[in-house]
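Numbering (the numbering used here), first residue to last: 7 to 145.
Let me begin by presenting the structure, written as structure tokens, before commenting on it.
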């Protein structure tokens with residue numbers, strides 16, 4: 007009687023282990039499928055944003071505003087303190103714009119930092135190219 011009870015308990019434990027393995031494999035396949043679909047969606051968005059770069063050249067289009075490029079260029083050349091105190095007379099013409107208090111500088115700081123890191127590694131890249139290629143990465 008004891009032997010049968012032990013074998014039944016062992017069988018139940020083995021069945022639970024097998025069931026957990028099947029569930030974990032299903033979750034693994036589901037995670038892989040989710041990752042693959044999201045990666046393909048990102049790749050399609052990235053390729054569509056780079057279509058103009060591949061077909062023509064790396065230029066700022068209407069999707070990548072010139073103001074962000076000019077602000078990034080000013081930040082890279084003048085430094086963060088001067089960027090925060092910059093009065094841009096070309097924005098909101100004829101009034102101008104105090105840039106430091108009216109923008110969220112995350113994009114500009116990221117682009118300027120990537121530009122500085124690449125230049126420190128002796129990889130010469132124009133700030134415009136960093137701005138053009140950074141936009142598709144985050145889309």
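Cβ coordinates follow ideal geometry from the N, Cα and C atoms, glycine included.
As assigned by DSSP and simplified to three states, the class of residue i
i: residue 103; result: strand
i: residue 73; result: helix
i: residue 150; result: Since the first residue shown for the chain is 7 and the last is 145, residue 150 is missing from the structure and cannot be characterised.
i: residue 144; result: coil
i: residue 78; result: helix
Burial state of residue i (16 or more Cβ within 10 Å)
i: residue 151; result: With the chain represented from 7 up to 145, any question about residue 151 goes unanswered, as that position is not in the structure.
i: residue 53; result: exposed
i: residue 38; result: exposed
i: residue 78; result: buried
i: residue 4; result: Any answer about residue 4 is impossible in this case: the structure gives the chain only from 7 up to 145.
i: residue 133; result: buried
i: residue 126; result: exposed
N- and C-terminal bounds of the alpha helix (DSSP H) containing residue i
i: residue 87; result: 86–90
i: residue 97; result: That residue, residue 97, is in no alpha helix (DSSP H); it is neither H nor E in DSSP.
i: residue 121; result: 112–126
heavy atom of the ligand MG below 6 Å from residue i C-beta
i: residue 99; result: With respect to small molecules bound, the structure shown includes none, and the ligand MG cannot be examined in it.
Chain B within 7 Å of residue i, Cβ atoms only
i: residue 88; result: Structure shown: chain B not included; a single protein chain is present.
Residue from the options whose Cα sits closest to the Cα of residue i
i: residue 82; options: 109, 120, 139, 93; result: 120
i: residue 135; options: 46, 66, 49; result: 66
i: residue 112; options: 127, 74, 129, 91; result: 74
i: residue 93; options: 106, 85, 100; result: 106
i: residue 144; options: 49, 19, 36; result: 49
Integer Cβ distance of residue i from residue j, believed to fall under 8 Å
i: residue 146; j: residue 140; result: The structure shown does not extend to residue 146, since the chain is modelled only from 7 through 145, so no value can be given for it.
i: residue 131; j: residue 59; result: Not quite, the Cβ-Cβ distance comes to about 14 Å (not below 8 Å), so this is no contact.
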